[in-house]
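Single-structure report; data block below.
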Amino acid sequence: EAGVAQSPRYKIIEKRQSVAFWCNPISGHATLYWYQQILGQGPKLLIQFQNNGVVDDSQLPKDRFSAERLKGVDSTLKIQPAKLEDSAVYLCASSLVPAGASTDTQYFGPGTRLTVL
Amino acid sequence: AQKVTQAQTEISVVEKEDVTLDCVYETRDTTYYLFWYKQPPSGELVFLIRRNSFDEQNEISGRYSWNFQKSTSSFNFTITASQVVDSAVYFCALSEAQRGSYIPTFGRGTSLIVHP
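These protein sequences, in sequence, are chains A and B.
Going by the numbering used here, the first sequence opens with residue 22, and the numbers climb by one from there.
Going by the numbering used here, the second sequence opens with residue 2, and the numbers climb by one from there.
Structural data, given as structure tokens:
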């Protein structure tokens, strides 16, 4: 079974530029998550989708971050404009069961390492 | 206040030693889930275990074992006879029901270095 795919793996941009990350979850997984992992810290949830609807985006900095999952499969996360403090690894995860179900094991992709100069 | 505390930032052991990674959590919910993930240098988090709040049985999987104690709000992870391949950052996470969904909160991680 293929895992969660993410691209690109690495991205270097200058501050105030825009960047987009792509995620393809495990086939059949209803729930998709985007996390931000700053160096030396644990992942922090940014947004959670169930199919193509947003379940939780309370920790997404909406003035500069946006995410979509239009067809309920792939998802893109965009930052516009980027700031220095956005340098981090952006992880995508998916889980089989709908958000809110009792079993909620997440499977993670390899991440995109973003460096903002 | 941190919901998940992993007080050990880094642990260094020699191969074949046993090592325990501590995790202390904080929640007011009666229903919650605890997880351990491994993050090797490649960066991808690998799921190790999920435990719900109603199941305090300890679990053993090969060289890995987990000790869940609600009385002390701890979910500790022990690796027996550690190997170099166990070198990674290990994260403990707590999933609580919030706003109609289970929202996970991760600890800051413990970096385990196993020397040959």
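Even glycine gets a Cβ: it sits at the ideal position worked out from N, Cα and C.
Beta carbon proximity, S88 of chain B to chain A, threshold 7 angstroms: Within the second sequence, the letter at position 87 stands for residue 88 of chain B. False, the Cβ-Cβ gap to chain A never drops below 7 angstroms.
Residue from B:Q58, B:Y38, B:S66 whose Cα sits closest to the Cα of F107 of chain B: On the second sequence, residue 107 of chain B is found 106 positions in, with the first residue counted as 1. Nearest C-alpha to F107 of chain B: B:Y38.
Please state whether the Cβ-Cβ distance between A88 of chain A and I68 of chain A is less than 7 angstroms. The residue given as residue 88 of chain A occupies position 67 in the first sequence. The residue given as residue 68 of chain A occupies position 47 in the first sequence. In this structure, I68 of chain A lies closer than 7 angstroms to A88 of chain A by Cβ.
Just the chain B side, please: which residues come within less than 7 angstroms of F129 of chain A by C-beta, in chain order? Locating residue 129 of chain A in the first sequence gives position 108, counting from the first residue. What F129 of chain A touches in chain B: E45, L46.
Given a cut-off of 7 angstroms on the beta-carbon distance, is the pair Q7 of chain B and R109 of chain B in contact? For this step, residue 7 of chain B is matched to residue 6 along the second sequence. For this step, residue 109 of chain B is matched to residue 108 along the second sequence. Yes, they are a contact pair.
Please report the straight-line C-alpha distance between I114 of chain B and L49 of chain B, rounded to a whole angstrom. Start at 1 with the first residue of the second sequence, and residue 114 of chain B comes out as number 113. Start at 1 with the first residue of the second sequence, and residue 49 of chain B comes out as number 48. Whole-angstrom Cα-Cα distance: 18 angstroms.
Extent of the continuous beta strand (DSSP E) run through G74 of chain A: Numbered from 1 along the first sequence, position 53 holds the residue referred to as residue 74 of chain A. Here the beta strand (DSSP E) through G74 of chain A covers 74 to 77.
Taking only beta-carbon atoms, is F76 of chain B less than 7 angstroms away from chain A? Numbered from its first residue, the second sequence carries residue 76 of chain B at position 75. For F76 of chain B, the nearest beta carbon of chain A is not closer than 7 angstroms to its own beta carbon.
Short CB-CB distance (under 7 angstroms) between S102 of chain B and chain A: Residue mapping note: residue 102 of chain B aligns to position 101 of the second sequence, counting from 1. Cβ-Cβ to chain A under 7 angstroms: yes for S102 of chain B.
Is there contact between the segment 99 to 118 of chain A and the segment 34 to 42 of chain A, where contact requires at least three CB pairs shorter than 8 angstroms? They touch, by the three-pair rule.
Might you give, ordered along the chain, the residues of its own chain that have their beta carbon closer than 6 angstroms to the beta carbon of N68 of chain B, omitting 5 neighbours on each side? Start at 1 with the first residue of the second sequence, and residue 68 of chain B comes out as number 67. Cβ within range, chain order: N59, N77.
Selected residue, minimal CA-CA separation from V20 of chain B, among B:Q9, B:T28, B:E27, B:Y26: One-based indexing of the second sequence puts residue 20 of chain B at position 19. Among B:Q9, B:T28, B:E27, B:Y26, the Cα nearest to that of V20 of chain B belongs to B:Q9.
At least one CB of chain B closer than 7 angstroms to the CB of P46 of chain A: is that the case? Translated into the one-based positions of the first sequence, residue 46 of chain A becomes position 25. It does not; no Cβ of chain B falls within 7 angstroms.
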